[in-house]
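Comments concern the structure below.
There are 2 protein chains.
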Amino acid sequence: MARILSGNRKQFIIEEAGQLFREKGYTAASMRDLAERVGVEAASLYNHIKSKDELLREICFRVAHEYVSHLSQTEQMEATYAEKVRALLRMHIAIITHDISAVSVANNEWKHLPEPYLSEFTHIRRDYERRFAALIQKGIEAGEFRPVNPKIALFTLLAAVRWVEIWYKPGREISPQTLERDIETILIHGLTQATAP
Amino acid sequence: MARILSGNRKQFIIEEAGQLFREKGYTAASMRDLAERVGVEAASLYNHIKSKDELLREICFRVAHEYVSHLSQTEQMEATYAEKVRALLRMHIAIITHDISAVSVANNEWKHLPEPYLSEFTHIRRDYERRFAALIQKGIEAGEFRPVNPKIALFTLLAAVRWVEIWYKPGREISPQTLERDIETILIHGLTQATAP
DNA sequence: GTCTATAGGCGGATAGAC
DNA sequence: GTCTATCCGCCTATAGAC
Chain A
807 MARILSGNRK QFIIEEAGQL FREKGYTAAS MRDLAERVGV EAASLYNHIK
857 SKDELLREIC FRVAHEYVSH LSQTEQMEAT YAEKVRALLR MHIAIITHDI
907 SAVSVANNEW KHLPEPYLSE FTHIRRDYER RFAALIQKGI EAGEFRPVNP
957 KIALFTLLAA VRWVEIWYKP GREISPQTLE RDIETILIHG LTQATAP
Chain C
807 MARILSGNRK QFIIEEAGQL FREKGYTAAS MRDLAERVGV EAASLYNHIK
857 SKDELLREIC FRVAHEYVSH LSQTEQMEAT YAEKVRALLR MHIAIITHDI
907 SAVSVANNEW KHLPEPYLSE FTHIRRDYER RFAALIQKGI EAGEFRPVNP
957 KIALFTLLAA VRWVEIWYKP GREISPQTLE RDIETILIHG LTQATAP
């Protein structure tokens, strides 16, 4: 029971840390700032966590594992490569809009992870990119996609959904559904009306 | 003469600061770090600059003004909206590949600007986005572009070229020319071969 | 214009009472 | 588990000798 309460308390602290790190950046955010949000003195935080960077680790790796888990599911789908890429774009937008603080921290503050976690994190991310690029490569070979460099295509897609993380706030004028539809339209079909392959 | 030398020295310090801020982040980068790169003691830097945030300001506003200046030129071009948007995409890629540290800092560290510079910077950026979105809006009205939300289109385009800033290193396997061509292909024509408007 | 020395503040984290 | 008090280090920036 004590462990469950303690676990909840820790999760609450991690949640607040995610929002704080997103707003001010990991380095500029102090444990005193975090304590104020949580409603305790700074020293009390250390009854739940061991260090500031433990918070960063929890956030970054939770996000990383969520992305990898969805990628694995997508790879096993029975579908065309275009459908798989489309599903991954939707997945990215969904994760971002549902867990925006954590995603933002994982995207922008990961470089402050201390070793060996930094190496582990970049390794996971590189592996994710490699597997995603392989799907695009196969889509090109299958004639579904234009013959572009798969890495360029990958990063263009990933970056194009990442802006949502910077910009999106719940309750903003544009709904997640419109977001999803229009971003997909541009990336999959292109911006211009009349296309000539 | 003394002023010219001093000016060059200051520019050198700003250049080194840009690289340092990009690598470590503005808050995590110390004046001692910067001094070591420049080859002096930290206190000596203050003969050339007034404060750490002056360096951040110089970098952020130089980049902002470069973007705005190119946008103004593009607005005055005699060309279709598709050609103008294409020109702006090329301009973004060119600025990023030529001045990557400064662009990276302006994109990622601007939030550490102290007021009133923070407000001024965000105002300049919002104005840039408004004018760029207007070009897309007109392109949609002219039937050149698909009927998507202009803001979504804008941010998707801007984000898609921004990844270059995170990823690009001079001398990497992919050339700026290939970058430009493939990113344009995806954003303007779309990833899939057979498009059905 | 560069140096050494240092002021003055805030950072993460710990000790120990309750 | 939370508090107060505090350690100790690093931070930006300044003072003043050379």
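One line per chain: the protein sequences are A and C, in this order. Quick note on numbering: the first sequence equals residues 807 to 1003 in the working numbering. Quick note on numbering: the second sequence equals residues 807 to 1003 in the working numbering. Where a beta carbon is used, it is the ideal one built from N, C-alpha and C, also for glycine.
Counting C-beta pairs closer than 8 Å gives three or more between the segment 905-921 of chain A and the segment 960-976 of chain A, which meets the contact rule.
Excluding residues up to 5 positions away in sequence, ARG968 and GLU971 lie with their Cβ nearer than 7 Å to the Cβ of ASN913(C) in the same chain.
Not flagged as an interface residue toward chain C: LYS944(A), since no C-beta distance is shorter than 9 Å. Scanning its chain for C-beta atoms nearer than 6 Å, with the 5 sequence neighbours on each side dropped, one finds around ASP859(C) the residues PRO920, in chain order. Fewer than three pairs of CB atoms, one per stretch, sit closer than 8 Å, so the segment 864-878 of chain A makes no contact with the segment 949-965 of chain A.
Residue contact check for VAL954(A) against chain C: a CB pair falls below 9 Å. Approximately 12 Å separates the beta-carbon atoms of ILE865(A) and LYS816(A); this is outside 8 Å, ruling out the contact. For LYS975(C), no CB of chain A lies under 9 Å from its own CB, so it is not counted at the interface with that chain. Shown here for GLU847(C): same chain residues with a beta carbon closer than 7 Å to its own, the five before and five after excluded, namely ALA841 in chain order.
Under the 10 Å beta carbon count, ARG936(C) is surrounded by fewer than 16 other beta carbons and is classified as exposed. Bridge pairing for PHE951(A): THR998(C) [DSSP]. Note that the C-beta distance between ASP988(C) and VAL954(A) is below 9 Å. Residues of the segment 963-994 of chain C that bring their beta carbon within less than 9 Å of a beta carbon in chain A comprise LEU963, LEU964, ALA965, ALA966, VAL967, ARG968, TRP969, VAL970, ILE972, TRP973, GLU979, ILE980, THR984, LEU985, ARG987, ASP988, ILE989, THR991, ILE992, LEU993 and ILE994, in sequence order. Here GLU884(C) is exposed. Its C-beta has fewer than 16 other C-beta atoms within 10 Å.
Taking the C-beta atoms as reference points, LYS917(A) is found no nearer than 9 Å to LYS917(C).
Annotation for GLY824(C): ILE865, SER907, ALA908 and VAL911 place their beta carbon closer than 6 Å to its own, counting only its chain and skipping 5 residues before and after. For LEU851(C), the three-state secondary structure derived from DSSP is helix.
Not a single C-beta of chain A is nearer than 9 Å to the C-beta of LYS890(C).
Sorting LEU924(A), GLU926(A) and LYS957(A) by C-alpha distance to the C-alpha of ALA940(A) places LYS957(A) at the top.
Chain C places a beta carbon closer than 9 Å to that of LYS830(A), counting this residue as a contact. For the 9 Å CB-CB criterion, GLU986(C) and ILE899(C) form a contact.
Interface with chain A (9 Å Cβ-Cβ cutoff): LYS917(C) is included. Considering only GLN999(C), GLN879(C) and THR984(C), the residue with the shortest C-alpha distance to GLU950(A) is GLN999(C).
In this model, GLN879(C) and ALA948(A) are separated by some 42 Å (Cα to Cα). Per DSSP, LEU895(A) is one residue of the alpha helix (DSSP H) stretching across 887-904. C-alpha of LEU862(C) to C-alpha of THR928(C): approximately 14 Å in a straight line. Residue state for SER981(C) is assigned as coil, using DSSP reduced to three classes. One alpha carbon belongs to PHE818(C), the other to ARG843(C), and they sit about 10 Å apart. As the crow flies, the alpha-carbon of ILE946(A) is around 18 Å from that of GLU990(A). In this structure, the CA atom of MET897(C) is about 29 Å from the CA atom of ARG892(A).
Counting along the chain, LYS975(C) sits inside no alpha helix (DSSP H), nor does DSSP assign it H or E at all. For LEU840(A), the uninterrupted alpha helix (DSSP H) run begins and ends at 837-844, by DSSP. Per DSSP, reduced to three states, the secondary structure at THR991(C) is helical. A Cβ-Cβ separation of about 6 Å places ILE994(C) in contact with LEU997(A) under the 8 Å criterion.
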